[in-house]
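Asker:
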Ligand code: PLP
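In the working numbering, the protein residues as written are 8 to 451.
(1) Measuring alpha carbon to alpha carbon, tell me which of 261, 55, 333 ends up nearest residue 372.
(2) Taking 8 Å as the threshold, find out whether the region 309–323 comes into contact with the region 212–227 through three or more Cβ pairs.
(3) Can you give me the start and stop residues for the alpha helix (DSSP H) that residue 325 sits inside?
(4) DSSP beta-bridge partners for residue 196?
(5) Quick check on residue 6: does DSSP put it in helix, strand or coil?
(6) With H, G and I counted as helix, E and B as strand and the rest as coil, what does DSSP make of residue 56?
(7) Can the beta-carbon of residue 46 be found less than 8 Å from the beta-carbon of residue 77?
(8) Apart from the five residues on each side of it in sequence, which residues of its chain come closer than 7 Å, Cβ to Cβ, to residue 208?
(9) If you reduce the DSSP assignment to three classes, tell me which class residue 43 lands in.
(10) With DSSP as the reference, label residue 26 as helix, strand or coil.
(11) Are residue 192 and residue 175 close, meaning C-beta to C-beta below 8 Å?
(12) Are the beta-carbon atoms belonging to residue 28 and residue 83 less than 8 Å from one another?
(13) Compute the distance between the beta-carbons of residue 110 and residue 162, then report whether it is under 8 Å.
(14) Counting pairs of Cβ atoms below 8 Å between the region 329–344 and the region 240–250, do you hit three or more?
(15) Could you tell me the alpha carbon to alpha carbon distance between residue 250 and residue 258, rounded to whole angstroms?
(16) Return the first residue and the last residue of the beta strand (DSSP E) that residue 83 is part of.
(17) Alpha carbon to alpha carbon, what distance is there between residue 178 and residue 15?
(18) Where in the region 122–162 do unbroken runs of the beta strand (DSSP E), each at least 3 residues long, occur, reported from the N-terminal end onward?
(19) Between which two residues does the beta strand (DSSP E) carrying residue 369 extend?
(20) Name the two residues that bound the continuous alpha helix (DSSP H) containing residue 354.
(21) Considering only C-alpha positions, which residue in the set 392, 403, 397 is nearest to residue 382?
(22) What do you reckon, is the C-beta of residue 306 under 7 Å from a heavy atom of ligand 1?
(23) Nearest CA to the CA of residue 125: which residue from 253, 380, 413?
(24) Can you tell me the Cα-Cα spacing of residue 96 and residue 152, whole angstroms?
(25) Ligand 1 heavy atoms versus the CB of residue 167: any closer than 7 Å?
(26) Drop a sphere of 10 angstroms on the beta-carbon of residue 173, count the other beta-carbons inside from all chains shown, and report buried for 16 or more, exposed for fewer.
(27) Identify, in the order they occur along the chain, each residue of the same chain with its Cβ nearer than 8 Å to the Cβ of residue 9, setting aside the five sequence neighbours on each side.
(28) For the alpha helix (DSSP H) that residue 280 lies in, which residues bound it at each end?
(29) Just to check, is the beta-carbon of residue 349 closer than 7 Å to a non-hydrogen atom of ligand 1?
(30) Compare the C-alpha of residue 338 against each of 306, 361, 423 and name the closest.
(31) CB residue 203 to CB residue 362, shorter than 8 Å?
(32) Ignore the nearest five residues each way along the sequence and tell me which others in residue 409's own chain have a CB closer than 7 Å to its CB.
(33) Tell me, to the nearest whole angstrom, how far the beta carbon of residue 306 is from that of residue 101; I am working on the premise that it is less than 8 Å.
(34) May I ask you to report which of helix, strand or coil DSSP gives residue 98?
(35) Between the region 384–394 and the region 340–357, can you find at least three pairs of beta-carbon atoms closer than 8 Å?
(36) Can you tell me the Cβ-Cβ gap for residue 365 and residue 323, rounded? I've got them flagged as a contact below 8 Å.
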């Protein structure tokens, strides 16, 4: 659980992605992180087994809770985000559900940006409602709306860094500040901008990922991640967070915010993510397969490079589409000017070069029917409901990823009828432009 195995806090993200948490196997000397495709772990003796089960000692018991391959992935991503610990789970949806269920119970509420990926919007509007957790949707263009919508039962503020597919930058600093004043943690889904944005540095407290997307990068595994920033004081208003501050019958009255102070457990500041593991993952069982962790580790090796390549290609594709006679409008943060550009850059910190990610949206002059014909005419770009793959992908959100939403919900998510979402891959840009061009010409 700690970085004691192998980490240097001075490492830059590209180095942490390759080196954190593993140097070589002490027995075999294998230098690539091994795939521990095992369910269970041998106990030292019955005394130790009992200590592990009662949380007096922390260690591997069973792969639903811990796995050494998954632990390397969790530690590398914790280092990349500047957090204190992470929990990998079976999908991005599970990560979002657990992140909220870990602190909100029946009768509680959260305040969320209305610009969300359709699957999360469904979970919030319908799934959580059935569980008795109310989600209050607000427009993130007005950060004060978060304060106005909150009350004493508000357990979190929630947003997506660059909302899928509206691509509006979430005001992390402003909402984080309001949350800090009110004692409400800010949870940010950073699926669309790993590396390019570090939400914890800007005032977020919990960062979530669908690793299925850019972190994996090869579209061969589904997985999710919860990163604990360790920067929220759960004991400031103890009555607000009973799951962390009240005696927990799951473990004979353990109080998680107190338990983690035991230095021998090496869990200081990790009450939130530790509770998610030993209660939610234990009870609900959304564990990540070790094989998928192994695949995500391969993806992580090249993540910093890929985010730059995706961003460069997306910028070029956005400029190409903007100049095309069949295109009515293009949505891409790299096309913004003036104050709007400054706002986007305040959360996207590419370093010397400005990077705006690999997602863009556009509308054809011919509307819905032209949009559909464009998608059917693509020869290289794949028509799939995914994003973040090394290959370029396109989808028509109104009939797929956001198809189950009402027209009002779709509008709030930024999905008009003719909107096409492009996840720009890392093919040669000339080939991307050529396929866009021929498909546009055949779109009618
Ligand atoms: N969050 C965002 C922003 C997404 O785009 C997605 C999936 O598209 C998810 C969460 C859900 O992730 P998964 O498909 O891994 O469950």
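Beta carbons are placed, not taken as given, at the ideal position from N, Cα and C, and that holds for glycine.
Answerer: The short version:
(1) For the purposes of this step, residue 372 is taken as residue 365 along the chain shown, with counting starting at 1. It is 333.
(2) Yes, since at least three Cβ pairs between the region 309–323 and the region 212–227 fall closer than 8 Å, the two stretches touch.
(3) For the purposes of this step, residue 325 is identified with residue 318 of the chain shown, where counting begins at 1. Residue 325: member of the alpha helix (DSSP H) spanning 310–329, first to last residue.
(4) Counted from its first residue, the chain shown places residue 196 at position 189. Residue 196 has 167, 215 as its beta-bridge partners, per DSSP.
(5) Past the edges of the chain, shown from 8 to 451, lies residue 6, and the structure says nothing about it.
(6) As a first step, residue 56 is located in the chain shown; it is residue number 49 there, counting from the start. Correct three-state label for residue 56: helix.
(7) Within the chain shown, the letter at position 39 stands for residue 46. Within the chain shown, the letter at position 70 stands for residue 77. Not closer than 8 Å, so no.
(8) Numbered from its first residue, the chain shown carries residue 208 at position 201. Apart from the 5 residues on each side of it in sequence, residue 208 sits with its Cβ closer than 7 Å to the Cβ of 89 in its chain, given in chain order.
(9) Taking the first residue of the chain shown as position 1, residue 43 is located at position 36. Correct three-state label for residue 43: coil.
(10) If you number the chain shown from 1, residue 26 lands on position 19. Helix, per DSSP.
(11) Locating residue 192 in the chain shown gives position 185, counting from the first residue. Locating residue 175 in the chain shown gives position 168, counting from the first residue. No; because the gap between Cβ atoms is not below 8 Å, this pair is not in contact.
(12) Position 21 of the chain shown, counting from 1, holds the residue named residue 28. Position 76 of the chain shown, counting from 1, holds the residue named residue 83. It is a contact, given that the beta carbons lie within the stated cut-off.
(13) The count along the chain shown starts at 1 and reaches residue 110 at position 103. The count along the chain shown starts at 1 and reaches residue 162 at position 155. In contact: residue 110 and residue 162 (Cβ atoms closer than 8 Å).
(14) no
(15) To locate residue 250, count along the chain shown from 1; it is residue 243. To locate residue 258, count along the chain shown from 1; it is residue 251. Near 12 Å, if we compare the C-alpha coordinates of residue 258 and residue 250.
(16) By 1-based counting over the chain shown, the position of residue 83 is 76. Run containing residue 83: none in the beta strand (DSSP E); it sits in the alpha helix (DSSP H), 75–88.
(17) As a working note, residue 15 is residue 8 in the chain shown. As a working note, residue 178 is residue 171 in the chain shown. The alpha-carbon atoms of residue 15 and residue 178 are separated by roughly 31 Å.
(18) 141–145
(19) Against the chain shown, residue 369 aligns to sequence position 362. Note, residue 369: beta strand (DSSP E), 366–371.
(20) As a working mapping, residue 354 is identified with position 347 in the chain shown. Segment 345–354, the alpha helix (DSSP H) holding residue 354.
(21) As a working note, residue 382 is residue 375 in the chain shown. Nearest C-alpha to residue 382: 403.
(22) As a first step, residue 306 must be located in the chain shown, where it is residue number 299. No, ligand 1 has no heavy atom inside 7 Å of this Cβ.
(23) Working through the chain shown from its first residue, we reach residue 125 at position 118. For residue 125, the nearest C-alpha among the options comes from 413.
(24) Along the chain shown, one-based indexing puts residue 96 at 89. Along the chain shown, one-based indexing puts residue 152 at 145. Approximately 31 Å between the Cα atoms of the pair.
(25) For the purposes of this step, residue 167 is taken as residue 160 along the chain shown, with counting starting at 1. Checking every heavy atom of ligand 1 against the Cβ of residue 167, one is found closer than 7 Å.
(26) The residue you call residue 173 lines up with position 166 of the chain shown. When all chains shown are included, residue 173 counts as buried.
(27) Residue 9 sits at position 2 when you count from the first residue of the chain shown. Model confidence at residue 9 stands at a pLDDT of 38, short of 50, so the residue's coordinates are unreliable and nothing is read from them.
(28) Taking the first residue of the chain shown as 1, we reach residue 280 at position 273. That run of the alpha helix (DSSP H) goes 278–282.
(29) Here residue 349 is taken as the residue at index 342 of the chain shown, counted from 1. No, ligand 1 has no heavy atom inside 7 Å of this Cβ.
(30) Indexing the chain shown from 1 puts residue 338 at position 331. The shortest C-alpha separation from residue 338 is found at 423.
(31) By one-based count along the chain shown, residue 203 stands at place 196. By one-based count along the chain shown, residue 362 stands at place 355. Taking 8 Å as the Cβ cut-off, residue 203 and residue 362 qualify as a contacting pair.
(32) Within the chain shown, numbered from 1, the residue matching residue 409 stands at position 402. Correct list, in chain order: 125, 417, 420, 422.
(33) Looking up residue 306 in the chain shown gives position 299. Looking up residue 101 in the chain shown gives position 94. Incorrect: roughly 18 Å between the Cβ atoms, too far for contact.
(34) In the chain shown, the residue the question calls residue 98 occupies position 91. Three-state DSSP puts residue 98 in coil, outside helix and strand.
(35) no
(36) As a position in the chain shown, residue 365 is number 358, starting the count at 1. As a position in the chain shown, residue 323 is number 316, starting the count at 1. Their Cβ separation, rounded to whole angstroms, is 11 Å, which puts residue 365 and residue 323 out of contact at 8 Å.
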